[in-house]
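These notes concern the structure reproduced below.
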Amino acid sequence: MPIATRAFAATAADQPLSPYSLERRDPGPDDVAIEIRYCGVCHSDLHVAKNELGGTRYPIVPGHEIAGVVTAVGANVTRFKAGDRVGVGCMVDSCRTCSACREGLEQYCEPGMTQTYGSSDPKGAEVGQTITQGGYSDRITVDQAFVLRIPDSLPLDAAAPLLCAGVTIWSPLKTWGVGPGSKVAVIGLGGLGHMAVKLAAALGAEVTVLSTSDRKKADAERMGARHFLINSDADAMKAAAEQFDLIINTVSATHEIASHVNLLARDGTMVMLGLSTEGLPVFARPLLWRRRRIAGSLIGGIRETQEMLDFCAEHGIVCDIEVIAPDQINQAYERMERSDVRYRFVIDMGRLAATA
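Each number in our numbering corresponds to the 1-based position in the sequence shown with 2 added.
Right, here's the structure in full:
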């Protein structure tokens, strides 16, 4: 039978999120049914809820940083059983046959991955769902291939944002070979940036945080940063020129990046992770003269997400979080727009029954 599910959903771009009911599919042979305990709040949730990127189909249940416990599994499922601690990130399916999928890079699926919320959902037809609905809910059913195991040493609430914020950082750190001896700069100490500091430092890199003020300097140092640079300080920026192998740019707002390119060493790379909706001008000469690169990176594949979770368990790394009740989500969105969160909101879905 379909699984009755409580949730919080956006019903229009100009309306607050509100209680919503839906049905999840009963587990098929390859499915895992999950009771959601916690769901992290990503800035992209806000973008989609308010249709800031265009194309949002309402009603929409956001949430792709899901941590919970298995309640049932299909007949073909061998990796999970009832009671297991599991997570679901930004994807719930992909074509599995294109070159990206075959390489374990499902996030770059050529026909397009099936996102945890807002994608067309052929598997939802049996319960009347035309699009996938996410983790601001108390239940979800997901194909076993897109379910992650959360190690016992990681608390579920602080592990939830690792399913997006953690792997979004982990993937470029691994792609660009960060390790002992690497010099890494992180622009912006927010939900993504604080994970960049923790993970890069744990990999052995010398980490510098770039910010607009010294308000978060103590936090950056506590997380593992060796240096802190105010990017409006022209003398400090000049002194830091040509120092960094990798710059992790986590800022989603429109901002100036041309001067930051000069901080890259020869063959250095600036990786853009923030989902900016406007162009960011750069100039050719600083790139040409030092063979520098500006690149992008999108979340991570299932294999590297599990690798990241296991690494975090080994090194005791979790997100810094503020736990909220489901009916506090609209206030959380308002605070996110003011950058008033250190450093990730997480919804306690166990409190949904009292509010939905």
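We treat Cβ as the ideally placed atom computed from N, Cα and C, and that holds for glycine.
Check	Outcome
With distances taken from CA atoms, which of A355, I323 and I349 is nearest V343?	I323
Hey, quick one: how far does the beta strand (DSSP E) through K185 stretch, first residue to last?	K185 to I189
Is the separation between the beta-carbon of M367 and that of T170 shorter than 9 Å?	This structure cannot speak to residue 367, because the chain is shown only from 3 to 358.
Return yes when the Cβ of V180 is within less than 9 Å of the Cβ of V199, no when it is not.	no
Whole angstroms are fine: how far does the CA of A203 sit from the CA of P182?	9 Å
Using C-beta distances below 6 Å, list every residue in its chain close to L282, excluding the 5 sequence neighbours before and after it, in chain order.	I259
Counting Cβ pairs, one atom from each stretch, are 3 or more of them under 8 Å apart for the region 157 to 171 and the region 40 to 53?	yes
Do I36 and V90 come within 9 Å of each other at the CB atom, strictly closer than that value?	yes
Just to confirm my understanding: we take R295, look at its own chain, exclude 5 residues before and 5 after, and list those with CB closer than 6 Å. What are they?	T271
Determine whether the beta carbon atoms of G195 and T116 lie at a separation below 9 Å.	no
Can you tell me whether DSSP reads N251 as helix, strand or coil?	strand
When you compare each of E244, T7, E54 and D86 to I136 by their alpha carbons, which one comes out closest?	It is worth fixing the name first, because residue 136 is Gly in this sequence and not Ile. Of E244, T7, E54 and D86, the residue nearest in Cα terms is T7.
Can you tell me the Cα-Cα spacing of Y138 and P64, whole angstroms?	6 Å
Rounded to the nearest angstrom, what separates G226 and A167 at their Cα positions?	17 Å
Would you call the region 56 to 70 and the region 103 to 122 touching, i.e. three or more CB-CB distances under 8 Å?	yes
Name the DSSP bridge partner or partners of P21?	F10
Taking the continuous beta strand (DSSP E) assigned at E324, which residues delimit it?	I323 to I326
For the alpha helix (DSSP H) holding Y335, just list the boundary residues, first then last.	I331 to E339
Taking DSSP as the reference, what is the three-state secondary structure of A198?	helix
Pull the bridge partners of A356 from the DSSP assignment, please.	None; A356 has no bridge partner.
My output table needs one value for T214: the three-state DSSP class, helix, strand or coil.	coil
Considering only residues of the same chain and omitting the five flanking positions on each side of R98, which have a CB-CB separation below 7 Å?	none
Grab the span of the beta strand (DSSP E) containing A73 for me, first residue to last.	According to the sequence provided, residue 73 is Thr. The question's Ala does not apply to it. Where T73 is concerned, the enclosing beta strand (DSSP E) stretches over I68 to V75.
Do you know how far the Cα of T13 is from the Cα of K52?	10 Å
Using only the alpha-carbon positions, how far apart do S254 and E128 sit?	37 Å
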